[in-house]
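Since the structure comes first, as structure tokens, the remarks are kept for the end.
In the working numbering, the protein residues as written are 9 to 238.
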């Protein structure tokens with residue numbers, strides 16, 4: 009059965025790829041070196057959050073003013089270090105991703121996009137490293153929004169612009185590896201596929217009640233069946 013008239017918005021880290029910790033390493037190195045810190049304090053959570061929110065917490069923990077100038081300095085330093093961090097670590101495209109994207113791209117009425125906490129240029133660098141960036145038509149990113157629900161609302165507007173002004177919210181599927189991905193889908197009336205290829209197990213993800221829950225994306229036929237029936 010063909011899949012028709014749906015938009016699939018993918019998270020990046022833990023959903024499409026594992027960078028082997030390259031993003032965190034580049035972020036933390038940039039913070040330390042750009043702001044002259046001897047060592048980093050605390051353990052700021054990153055999973056499922058936007059880069060802007062993570063930066064705000066890092067600034068607070070290290071007594072750095074959370075200003076546009078500080079954010080721009082950290083952002084620039086992070087992007088300068090990210091390619092090297094990716095090259096140094098054993099990252100990989102996660103199981104089933106390429107086969108699923110290949111299958112989805114067979115259908116003219118399926119639109120692929122990104123919904124991620126990564127800043128836009130960081131998303132491009134990461135996905136280009138794994139030869140995936142060209143597969144996605146548009147994306148909503150974490151450059152400005154500190155809340156993932158805000159990124160989802162931006163994505164909803166992008167769907168109106170790039171697909172159709174009246175595209176139904178329940179024909180949007182958000183694919184991600186954290187409860188926050190499911191939560192942001194609900195915030196815009198979209199549906200969610202949760203995949204346990206990040207830091208959260210199937211048992212961790214189940215209480216968020218996604219529309220479909222999988223251990224990984226290898227069972228392309230099962231995922232396509234869900235989307236065909238939607």
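We treat Cβ as the ideally placed atom computed from N, Cα and C, and that holds for glycine.
Less than 8 Å between the CB atoms is what I'm expecting for residue 25 and residue 144, so what's the real figure, rounded?
Reading the chain shown from its first residue, position 17 is the one you call residue 25. Reading the chain shown from its first residue, position 136 is the one you call residue 144. Contact flag wrong, Cβ pair sits at about 13 Å.
Determine the extent of the beta strand (DSSP E) in which residue 213 is found, giving its start and end residues.
Counting from one through the chain shown, the residue named residue 213 turns up at place 205. It is not in any beta strand (DSSP E) - residue 213 instead sits in the alpha helix (DSSP H) that spans 210 to 213.
Could you have a look at residue 52 and say whether DSSP puts it in helix, strand or coil?
Numbered from 1 along the chain shown, position 44 holds the residue referred to as residue 52. Reduced to three states, the DSSP call for residue 52 is coil.
Can you tell me the Cα-Cα spacing of residue 220 and residue 195, whole angstroms?
Indexing the chain shown from 1 puts residue 220 at position 212. Indexing the chain shown from 1 puts residue 195 at position 187. Approximately 17 Å, taken between the alpha carbons.
Is it buried or exposed, residue 205, if we count other Cβ atoms within 10 angstroms and call 16 or more buried?
The count along the chain shown starts at 1 and reaches residue 205 at position 197. The residue in question, residue 205, is buried, as its Cβ has 16 or more Cβ neighbours within 10 Å.
For residue 147: DSSP bridge partner residues:
Within the chain shown, residue 147 is the residue found at index 139, counting from 1. Residue 147 is bridged to 122.
Please report the distance separating the alpha-carbon of residue 37 from that of residue 117.
For this step, residue 37 is matched to residue 29 along the chain shown. For this step, residue 117 is matched to residue 109 along the chain shown. When rounded, the distance between both Cα atoms is 42 Å.
Is the Cβ-Cβ distance between residue 90 and residue 34 less than 8 Å?
Residue numbering aside, residue 90 sits at position 82 when the chain shown is read from its first letter. Residue numbering aside, residue 34 sits at position 26 when the chain shown is read from its first letter. The answer is yes: Cβ separation under 8 Å.
Please report the residue range of the alpha helix (DSSP H) in which residue 62 lies.
Taking the first residue of the chain shown as 1, we reach residue 62 at position 54. Where residue 62 is concerned, the enclosing alpha helix (DSSP H) stretches over 59 to 69.
Cα separation between residue 122 and residue 202?
Along the chain shown, one-based indexing puts residue 122 at 114. Along the chain shown, one-based indexing puts residue 202 at 194. Taking the straight line from one Cα to the other gives about 15 Å.
Comparing C-alpha positions only, which one of 110, 51, 175, 80 sits nearest to residue 66?
On the chain shown, residue 66 is found 58 positions in, with the first residue counted as 1. Comparing Cα positions, the closest option is 51.
Whole-angstrom distance between residue 68 and residue 58, CA atom to CA atom
As a working mapping, residue 58 is identified with position 50 in the chain shown. As a working mapping, residue 68 is identified with position 60 in the chain shown. Residue 58 and residue 68: Cα-Cα distance of roughly 16 Å.
How many Å lie between residue 147 and residue 46 at the Cα?
Locating residue 147 in the chain shown gives position 139, counting from the first residue. Locating residue 46 in the chain shown gives position 38, counting from the first residue. Each residue's Cα considered, the two are about 36 Å apart.
Can you tell me where the alpha helix (DSSP H) with residue 35 in it begins and where it stops?
Counted from its first residue, the chain shown places residue 35 at position 27. In the DSSP assignment, residue 35 falls within the unbroken alpha helix (DSSP H) covering 30 to 42.
With distance defined between alpha-carbon atoms, name the residue in 223, 20, 150 nearest to residue 64.
What you label residue 64 is simply residue 56 of the chain shown in a count that begins at 1. Among 223, 20, 150, the Cα nearest to that of residue 64 belongs to 150.
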